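Novice: Residue numbers (my numbering): 3 to 185.
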Amino acid sequence: MSKTLELTCITCKLQTFANGPFPPLFQGHAYAPPLSIFKVKTNGFSTTPLQLYSYWKCEEESTGLRVDYKYNPACMSAPCSISNLSFLVPMSGGVTIMQSKPSATWSAEHQRALWKLQEVSNTTETQGSLRARFDLTQGPSTPSRIAVQFTCNGATISKLNFELRSQEYKLSLVKKRFTTGKA
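(1) Using the three-state DSSP reduction, which class does Ala-106 fall into: helix, strand or coil?
(2) Report the partner residues of Val-122 according to the DSSP bridge assignment.
(3) Counting C-beta neighbours from all protein chains within 10 Å, is the total for Gly-66 16 or more, i.e. buried, or is it exposed?
(4) Across which residues does DSSP place Val-97 in a beta bridge pair?
(5) Find out if the Cβ-Cβ distance for the pair Lys-72, Gln-101 is shorter than 8 Å.
(6) Excluding the 5 residues flanking Gly-130 on each side, which residues of the same chain have their C-beta closer than 7 Å to its C-beta?
(7) Nearest to Ala-110 by alpha carbon, out of Lys-103, Val-122, Glu-121, Ser-94?
(8) From this set, Cys-82, Phe-180, Gly-96, which residue's C-alpha is nearest Thr-139's C-alpha?
(9) Spell out a yes or no on whether the stretch 108-124 and the stretch 71-88 are touching, meaning 3 or more CB-CB pairs, one atom from each, closer than 8 Å.
(10) My output table needs one value for Ser-48: the three-state DSSP class, helix, strand or coil.
(11) Going by DSSP, what residue range makes up the beta strand (DSSP E) through Val-69?
(12) Which first and last residues belong to the beta strand (DSSP E) in which Arg-179 is found?
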């Protein structure tokens, strides 16, 4: 191990990673090894980039649902847009009709509603609501977990920064990205 990479951040200790010489096949050529991939668990509501509140009104013949969302750039290393948002809501109770705003897709086979939004950021709407009414044949329904997926390119939620200290190697590109769901 001949080269040392140091990883630092304000609120954590210095992390050092040893990196051996490149194989002869890659010497003298552009090479982009993935140096670090990590998972971060958020520490409470204020550290999530998209804050959610859900309200359920479950009755025998219908269920009303409202999901409020709010963009939170304060938890990111740099404010950037959250894109490709999907909100997936399972619904029990034998749904016959779904009315929603904005428009959502109902899957009778999987018994769930799906909303897709393009982007939430400082330059677009920073907050909004998803609303739906579900007419039921076997109500009342039971409130369930709402699955949300999205991607953000250009920032991290850990505020971790990366610096390469080497006279032999140059860092030409650092990609910062976080995504929800399984990778």
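Where is the CB? At the ideal position from N, CA and C, for every residue including glycine. The model shown is predicted, which means the values in this text are computed figures rather than measured ones.
Specialist: Working from what's here:
(1) As a working note, residue 106 is residue 104 in the sequence shown. Here Ala-106 sits in coil by DSSP.
(2) Against the sequence shown, residue 122 aligns to sequence position 120. DSSP, once it has assigned bridges, lists Ile-84 as partnering Val-122.
(3) On the sequence shown, residue 66 is found 64 positions in, with the first residue counted as 1. By the 10 Å Cβ count, Gly-66 comes out exposed.
(4) What you label residue 97 is simply residue 95 of the sequence shown in a count that begins at 1. Answer is Leu-138.
(5) Working through the sequence shown from its first residue, we reach residue 72 at position 70. Working through the sequence shown from its first residue, we reach residue 101 at position 99. Contact flag unset, no.
(6) For this step, residue 130 is matched to residue 128 along the sequence shown. The answer, listed in chain order, is Tyr-71.
(7) Counting from one through the sequence shown, the residue named residue 110 turns up at place 108. Of the candidates Lys-103, Val-122, Glu-121, Ser-94, the one whose C-alpha sits nearest the C-alpha of Ala-110 is Ser-94.
(8) By 1-based counting over the sequence shown, the position of residue 139 is 137. A check of alpha carbon separations from Thr-139 across Cys-82, Phe-180, Gly-96 identifies Gly-96 as the nearest.
(9) yes
(10) As a working mapping, residue 48 is identified with position 46 in the sequence shown. Note: Ser-48 maps to helix in three-state DSSP.
(11) On the sequence shown, residue 69 is found 67 positions in, with the first residue counted as 1. Its beta strand (DSSP E) spans residues 64-73.
(12) Working through the sequence shown from its first residue, we reach residue 179 at position 177. First-last of the beta strand (DSSP E) with Arg-179: 179-181.
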